[in-house]
Amino acid sequence: MRITFERTGGFAGITKKTTLDTNTLSAKEAKELPLLVQAADLFHLPAQIPSPNPQSDRFQYRLTVEDNDKQHTVIVSEAALPGTLRPLIEWLNNAAKQK
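Just add 6 to wherever you are in the sequence shown, counting from 1, and you've got this note's numbering.
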């Protein structure tokens, strides 16, 4: 599984982007990441999840997940982040900080 994660916006407007591949992650991380993707039901989320009340200085996330022959991209505003997706976003944010 391979995930490209991009966070844009925020107060400083700094973009953070990283690509993670379960083939190059630690064994623990390689086990956790697919479970988080599955718990988020990411492949069934719509391509865009906009905020009903757009606010400046909020983050926007773009996730592209490739798994075997499947690929799906989701763009979601921080203000519209579904609860099921939050643990995956937090995990990816932490992973991006470590790179």
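The beta carbon of each residue, even a glycine, is placed where N, CA and C say it ideally should be.
Q.
Quick check: does the Cβ of residue 71 come within less than 7 Å of any heavy atom belonging to the ligand ADP?
A. What this structure holds is no ligand at all, so the ligand ADP is not there to describe.
Q: Report the rounded CA-to-CA distance for residue 46 versus residue 20, giving the unit in angstroms.
A: Distance between the alpha carbons of residue 46 and residue 20 is about 26 Å.
Q) Does DSSP put residue 95 in a helix, in a strand, or in coil? A) The answer is helix: DSSP assigns residue 95 an H, G or I state.
Q. Are residue 38 and residue 65 close, meaning C-beta to C-beta below 8 Å?
A. The answer is no: Cβ separation not under 8 Å.
**Q.** Burial state of residue 41, where buried means 16 or more other Cβ atoms lie within 10 Å
**A.** Residue 41 should be labelled exposed.
(Q) Please return the same chain residues whose Cβ sits closer than 7 Å to the Cβ of residue 95, not counting the five positions on each side in sequence. (A) Excluding sequence positions up to five before and after residue 95, its CB lies within less than 7 Å of the CB of 67, 87, all in the same chain and listed in chain order.
(Q) Quick check: what's the CA-CA separation for residue 57 versus residue 48? (A) Rounded to whole angstroms, residue 57 to residue 48 spans 18 Å at the Cα level.
Q) How is the alpha helix (DSSP H) around residue 39 delimited, first residue to last? A) 33 to 46 is the span of the alpha helix (DSSP H), which, as asked, contains residue 39.
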